[in-house]
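What follows is one structure encoded as structure tokens, with my remarks underneath.
Numbering (the working numbering), first residue to last: 1 to 662.
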């Protein structure tokens with residue numbers, strides 16, 4: 001049986017009649033198979049069960065077989081009593097005021113464990129196939145609510161029910177398979193064309209098992225829906241802000257989501273682009289995609305079917321109004337939107353009464369399928385069969401990283417690697433810098449670090465290692481932090497972390513091969529210009545392949561350090577600032593820097609000439625002994641010394657213990 005939908009794999013699942021009845025087995029499909037909202041690999045079906053393939057096609061199990069479960073194309077939502085809090089910032093003035101008025105309150109009670117609600121008691125409904133706007137002043141919690149709907153944030157209180165019966169907390173995988181999310185910032189690659197952006201996004205979202213013809217058709221349809229077909233082959237960098245935003249929307253339309261969430265989609269757009277984008281979003285809602293967006297602009301309010309208005313009371317976002325936009329101003333008895341916003345910011349409004357009816361996932365009667373059904377009926381309990389193998393589920397903050405991908409990671413690694421390589425080749429200035437670094441640094445080392453007195457090139461080989469580490473560090477330190485928003489978006493679409501990291505390491509490793517080959521060539525030619533004839537002859541017999549392999553491994557070590565710094569950094573500037581801290585200790589702790597490269601391996605290696613070894617500790621003056629004691633943490637000893645330390649005269653047991661754990 002062939003089901004036509006972008007979220008249905010070519011070999012998605014098998015339905016079979018067995019002695020147990022009907023069984024369903026998922027074949028590691030891209031977007032999964034769900035039974036009563038829980039993602040499964042294999043399970044038996046009972047009458048009344050709802051089995052869903054991908055994000056849109058579902059069947060209801062009956063005594064005589066399966067019946068197509070027809071639902072509205074768009075998703076319905078119902079939020080009840082949502083409260084989302086964050087750790088309260090320490091406000092010293094507030095704490096002092098409380099202590100002054102109530103001295104019995106302790107300082108610890110006021111400064112520890114408090115949380116400040118960002119939004120409180122938020123309840124609303126979104127009907128299927130509608131265009132709904134979340135309005136309100138800055139700081140009222142619009143983005144917070146949208147992030148909760150996108151499953152980025154887990155509410156402290158309350159719940160979100162979709163399609164009238166499914167609780168987001170219980171069925172996050174099924175929910176995300178039907179979700180598209182467009183963040184406020186345009187998450188597209190400027191050097192690539194619009195078509196290339198969509199192609200790489202489609203490969204990650206639709207999987208490698210999707211035929212190229214189907215991917216091309218999906219890309220063409222997405223471009224047509226956002227009116228970008230004539231700009232498909234232009235670099236994104238030359239597109240206008242409105243066109244980039246529409247491209248971000250097109251990326252999410254590749255999977256035909258039933259729910260599309262947009263955070264401030266008109267931010268930074270001119271009035272014409274804003275009106276055009278809002279009109280397109282309204283058309284999408286009419287075609288079967290429920291659209292919810294946040295905005296603070298009122299010029300195109302008429303295009304919305306319903307509005308959810310938030311205000312602030314005591315710095316906390318509260319619901320002020322839910323209903324049609326035409327009744328918004330009369331409801332607050334305001335003459336204009338300026339008066340309305342002043343009222344919302346000052347908290348001069350009465351939040352609507354919350355429904356006391358508990359929100360629970362309900363089971364829709366078949367005759368009401370496709371309609372908005374208020375909650376109130378007991379849900380189908382999740383399956384607990386012993387042969388059911390659910391897909392892993394994450395909750396809380398970890399939901400941000402939850403993945404629907406079940407394809408082998410190698411295919412995703414290849415897609416991300418090709419994208420990263422194409423981005424690198426499109427940046428000609430960066431390519432020039434990457435190729436020029438080993439040439440300039442190699443020449444500088446070869447011409448300045450040859451030891452004429454000893455007729456040695458040990459310093460040249462040492463600095464070749466330093467250069468290899470530096471090249472890996474410098475190439476990768478900005479790689480991940482610059483693409484963090486892209487990674488989060490692709491991660492929610494199913495990208496595996498190991499595939500992304502492996503692709504980055506593979507591309508950097510390939511760049512490292514080119515850089516090390518250039519560095520070795522420059523060093524060999526440069527050394528031939530300055531060394532003595534005997535050394536020049538020895539260079540000809542040097543195993544350059546082995547040296548190159550060692551330098552490449554050092555380069556990979558630098559790549560690992562750079563990717564670590566890029567992962568931990570929040571901005572590109574902080575990642576770059578960490579580079580000296582990662583490279584300089586390797587210079588200061590080296591034998592070349594301290595002049596002890598000829599010493600025996602059993603002797604301690606101080607990190608600077610001022611610090612003498614512990615064996616000479618008795619000969620030191622009190623100030624020197626203090627410096628020596630403080631410098632113990634900077635000593636770098638080989639493992640062999642640890643075994644010999646107890647027999648070396650002058651070593652106390654604390655020093656040996658320190659060496660053991662060093």
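No residue lacks a Cβ here, since even glycine has one placed at the ideal position from N, Cα and C.
Remember, predicted model here, so these are calculated numbers, not experimental data.
Item                                                                                                                                                         : Value
Pull up the CB-CB distance for residue 277 and residue 266, whole angstroms please, since I reckon it's below 8 Å.                                           : 6 Å
Please return the same chain residues whose Cβ sits closer than 6 Å to the Cβ of residue 421, not counting the five positions on each side in sequence.      : 507
Pull up the CB-CB distance for residue 131 and residue 281, whole angstroms please, since I reckon it's below 8 Å.                                           : 6 Å
Within the chosen definition, does the region 120–128 reach the region 76–83 through at least 3 CB pairs nearer than 8 Å?                                    : yes
Smallest Cα separation from residue 292: which of 305, 423, 300?                                                                                             : 305
In three-state terms, what does DSSP make of residue 554?                                                                                                    : helix
Can you give, in chain order, each stretch of the beta strand (DSSP E) that sits fully within the region 148–217 and has at least 3 residues?                : 157–162, 179–182
Nearest to residue 339 by CA position, among 415, 136, 176, is which residue?                                                                                : 136
I want to know whether the region 309–323 touches the region 134–153 - three or more CB-CB distances under 8 Å.                                              : yes
Nearest CA to the CA of residue 486: which residue from 119, 474, 186, 39?                                                                                   : 186
Between the region 231–243 and the region 153–169, do at least 3 Cβ pairs fall closer than 8 Å?                                                              : no
Rounding to the nearest angstrom, what Cα-Cα distance links residue 149 and residue 488 in this structure?                                                   : 16 Å
Which stretch, first to last residue, makes up the alpha helix (DSSP H) that contains residue 420?                                                           : 409–426
Helix, strand or coil for residue 607, going by three-state DSSP, please let me know.                                                                        : Residue confidence for residue 607 is low, a pLDDT of 39 falling below 50, so the modelled location carries little weight and cannot support an answer.
Assign residue 639 to buried or exposed, taking buried as 16 or more other Cβ atoms, counted over all protein chains shown, within 10 Å of its Cβ.           : Bear in mind that a pLDDT of 38 at residue 639, under 50, signals an unreliable position, so the number given afterwards is only what the model happens to contain. Result: exposed.
Can you find at least 3 beta carbon pairs, one from the region 164–177 and one from the region 9–28, that sit closer than 8 Å?                               : no
Which stretch, first to last residue, makes up the beta strand (DSSP E) that contains residue 664?                                                           : No answer is possible for residue 664: the residues shown for the chain start at 1 and end at 662.
Smallest Cα separation from residue 275: which of 297, 221, 255?                                                                                             : 297
Roughly how many whole angstroms lie between the Cα atoms of residue 230 and residue 195?                                                                    : 11 Å
Identify whether residue 267 lies in helix, strand or coil by the three-state DSSP scheme.                                                                   : coil
Would you mind sorting residue 224 into buried or exposed? The rule is 16 or more other CB atoms within 10 Å of its CB.                                      : exposed
With distances taken Cα to Cα, identify the nearest neighbour of residue 511 among 568, 522, 430.                                                            : 430
What did DSSP end up calling residue 137 once you bin it into helix, strand or coil?                                                                         : coil
List the whole-angstrom C-beta distance separating residue 219 from residue 199, where the pair is believed to meet the contact cut-off of C-beta under 8 Å. : 6 Å
Residue 120: which of 320, 36, 567 sits nearest, CA to CA?                                                                                                   : 320
Indicate the three-state DSSP secondary structure (helix, strand or coil) for residue 699 in the structure shown.                                            : In the structure as shown, the chain starts at 1 and stops at 662, and residue 699 therefore has no counterpart that could be examined.
Whole angstroms is fine: what's the gap from residue 191's alpha carbon to residue 410's?                                                                    : 25 Å
Run through DSSP, which three-state label would residue 306 get?                                                                                             : strand
Along the chain, where does the alpha helix (DSSP H) containing residue 583 start, and where does it finish?                                                 : 579–588
In the DSSP assignment, find the unbroken alpha helix (DSSP H) run with residue 483 in it and report its ends.                                               : No alpha helix (DSSP H) contains residue 483, which DSSP labels as neither H nor E.
Got a sec, what are the start and stop residues for the beta strand (DSSP E) residue 230 sits in?                                                            : No beta strand (DSSP E) contains residue 230, which DSSP labels as neither H nor E.
Is residue 2 helix, strand or coil when you go by DSSP?                                                                                                      : coil
Measuring CA to CA, which of 426, 35, 3 is closest to residue 175?                                                                                           : 35
So for residue 128, helix, strand or coil by DSSP?                                                                                                           : coil
Could you check where the beta strand (DSSP E) with residue 26 kicks off and where it finishes?                                                              : 21–26
Is it buried or exposed, residue 213, if we count other Cβ atoms within 10 angstroms and call 16 or more buried?                                             : exposed
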